[in-house]
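In terms of numbering that gives the first Met the number 0, the sequence shown opens at residue 0 and continues consecutively. All C-beta atoms, glycine included, are put in the ideal place defined by N, C-alpha and C.
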Amino acid sequence: MGSSSLLFLLLLPLSGAILIALLPARYPRLFRYTAIVFTTLTLVYATWLLLWGDVTPTETGLWQSYFHTWHSRLGTSFSLGVDGFSYPLILLAALLCWAAILASASITRQTKGYYLLMLLLETAMLGVFMAQDWALFYVFWELTLIPLFFLIDRWGGKQRQSASLNFVLYTMGGSMFMLLSLLVLFDATPGHSFSFANMAEGARLLDSGQQILIFLGLLIGFGVKMPIFPLHGWLPIAHVEAPSSVSILLSGILLKMGSYGLIRVTGMLPHAAQAMQTILLALALIGIIYGGLLAWRQTDLKKMIAYSSVSHMGVVLLGIAALNVNGMIAAVYQMVAHGLVAGALFMLIGLLYERTHTRDVNDYGSLLQTTPRFAFFIIIALIATVGFPGTAGFIAELHALLGGFEAWGWVIMILSLGILISVAYGIRTVKYLFTGPTKSAMADVKDLRPQEMLAAAILTAGIIILGFYPAPLLQLINPTIYEFQRLLLGA
């Protein structure tokens, strides 16, 4: 059975959603307060489990697990577990969900449904990172789709319906490839079990050709969510039309679900990963350059952040493709770093949009004088976007260069071009937002409120702390990465 602490963590946001569903509609403020309380409890409990609870990093295996047979004849189980790949993302999800709820004060229509869906989304995302059974993983994976569809469709912008439909079609298309690949692998697994460990054993019985076909199907499924070029078509319109609080989770967590799944698949199908290494490198470098160039030419701030996410997730894919320790450190570190940076940017740009009703950089100017608190936090986030030394992104990109050089030599210097492009659009954004004459329309923009400052301060503090002091996160992920590397070498 194992410890029930992970189950309790998973049920915390779900309990909040159930409570909101039971609350009478005549108390709209109570829905927001309930969501704040339960996301705060989830964040505090997830942190407590790591620091003082029974989630203890170990050299091998899972740090904590919970198991209950779900359907013995189908080989499915309600199996939860965490390790160095998943727990940093659980902490990130809990933090960004809390920040997203704090940034949702502008949602005044149908608040009961909004906050209920946000807590259901948090439950599903935590489930993806905890699942140790591929059937359970797939259930949680699909469950994220339902609240996200309604959150975009009900509370999004003018083109919210086409954005939500586009998101569903892309995601469902990728999920079909994932499901077919998992079923083929399940059929090849002795004992017909969906557990991560048993399906990894079954994968070793397949020849290289079969492994590659299954890997390709899973790459498409996870590549849609990351997103990998050219499967990124849903991302810009979804980010632009989604409420900014939802964009925090779309970019900060949803993309990480795709890369997290790809890491698990790489460990399960090592021969296929090695055979596809060059293709993965090419896709990563194209994504880094292509996403950066598109971000550079955007005038819409949300589109700029969306395309920059394609570029930054290319660094994650490059780290995974390197199939070495430094590369995997880069992948996990970049997932956390990008989650914090993108979460902070989407939150701040969203709050700025609520005050100015424009996302066009040409409409701004000299906000440094009128909104110094906004300027301070946005500049930190933009500096982190370019991987400036002293920010979390620098540690990730440094390990990506080291891991890439170990795997491919000087070819990896193409990555530096992507970094230069990110510097270009980062500096350009700072110039348009905070320099030049103060425009009359921007003279009366209100600065950050205390509650908003708290969320922005915690996210930017995480960016800086992980930049100057990477040891805590490295100590958290290194044991799992070294074990992962031993499995790859053994294959």
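Check: Does the count of Cβ pairs from the region 333-350 and the region 415-425 closer than 8 Å reach three?
Finding: no
Next item on the list: Using the Cα positions of Thr33 and Tyr26, report the straight-line distance between them to the nearest angstrom.
Entry: 11 Å
Check: Among Trp154, Phe185, Gly392, which has the Cα closest to the Cα of Ser307?
Finding: Gly392
Checklist line | Proximity to Phe380 [Cα-Cα], best of Ala330, Ser310, Ala456, Asn361 | finding: The residue you asked about is not Phe; residue 380 is Ala in the sequence shown. Closest option to Ala380, Cα to Cα, is Ala456.
Next item on the list: Tell me whether Tyr65 sits in a helix, a strand or coil according to DSSP, three-state version.
Entry: strand
Check: If we count Cβ pairs, one from each stretch, closer than 8 Å, do we get three or more for the region 43-50 versus the region 136-155?
Finding: no
Check: So which of Thr265, Leu350, Ile463, Val245 has the shortest CA-CA distance to Arg159?
Finding: Val245
Item checked: Rounded C-alpha distance that separates Pro371 from Leu168 -> 42 Å
Margin query: For Ser243, report the span of its alpha helix (DSSP H) as first-last.
Written below: 243-248
Check: Any chance the region 111-127 sits against the region 463-478, with 3 or more Cβ pairs inside 8 Å?
Finding: no
Item checked: Residues of its chain near Asp446, where Cβ-Cβ distance is below 8 Å and the 5 sequence neighbours each way are ignored -> Thr369, Thr370, Pro371, Arg372, Phe373
Margin query: Taking DSSP's pairing of strands, which residues face Ser194 in a bridge?
Written below: Asp132
Note to self: For Leu261 and Leu217, what's the separation of their Cα atoms in angstroms?
What the structure shows: 8 Å
Next item on the list: Would you tell me roughly how many angstroms separate the C-alpha atoms of Met0 and Asp443, rounded to the nearest one?
Entry: Model confidence at Met0 stands at a pLDDT of 41, short of 50, so the residue's coordinates are unreliable; what they give is reported in the following sentence. Using only the alpha carbons, I get a separation of about 59 Å.
Notebook entry, point to check: Could you give the distance in angstroms between the alpha-carbon of Ala104 and the alpha-carbon of Ala202?
Noted result: 48 Å
Notebook entry, point to check: Exposed or buried, which one is Val43 when buried takes at least 16 other CB atoms within 10 Å?
Noted result: exposed
Next item on the list: Using three-state DSSP, classify Gly364 as helix, strand or coil.
Entry: coil
Item checked: Three-state secondary structure assigned by DSSP to Ile17 -> helix
Notebook entry, point to check: In three-state DSSP terms, what is Ser105?
Noted result: coil
Item checked: Three-way DSSP call (helix, strand, coil) for Asp206 in this model -> coil
Notebook entry, point to check: Which of helix, strand or coil does DSSP assign to Ser491?
Noted result: Since the first residue shown for the chain is 0 and the last is 490, residue 491 is missing from the structure and cannot be characterised.
Next item on the list: Decide if Asp82 is buried, meaning its Cβ has at least 16 other Cβ atoms within 10 Å, or exposed.
Entry: buried
Margin query: Please report the straight-line C-alpha distance between Ile19 and Val36, rounded to a whole angstrom.
Written below: 11 Å
Checklist line | Close beta carbons around Cys96, own chain, < 6 Å, minus the five adjacent residues each side | finding: Thr38, Glu121
Next item on the list: Take the Cβ of Trp409 as the centre, count every other Cβ of all protein chains shown within 10 Å, and call the residue buried at 16 or more, exposed below.
Entry: exposed
Item checked: For Ser85, the three-state DSSP class (helix, strand or coil) -> coil
Item checked: Top-ranked residue by Cα proximity to Asn477, from Tyr332, Val340, Pro229 -> Tyr332
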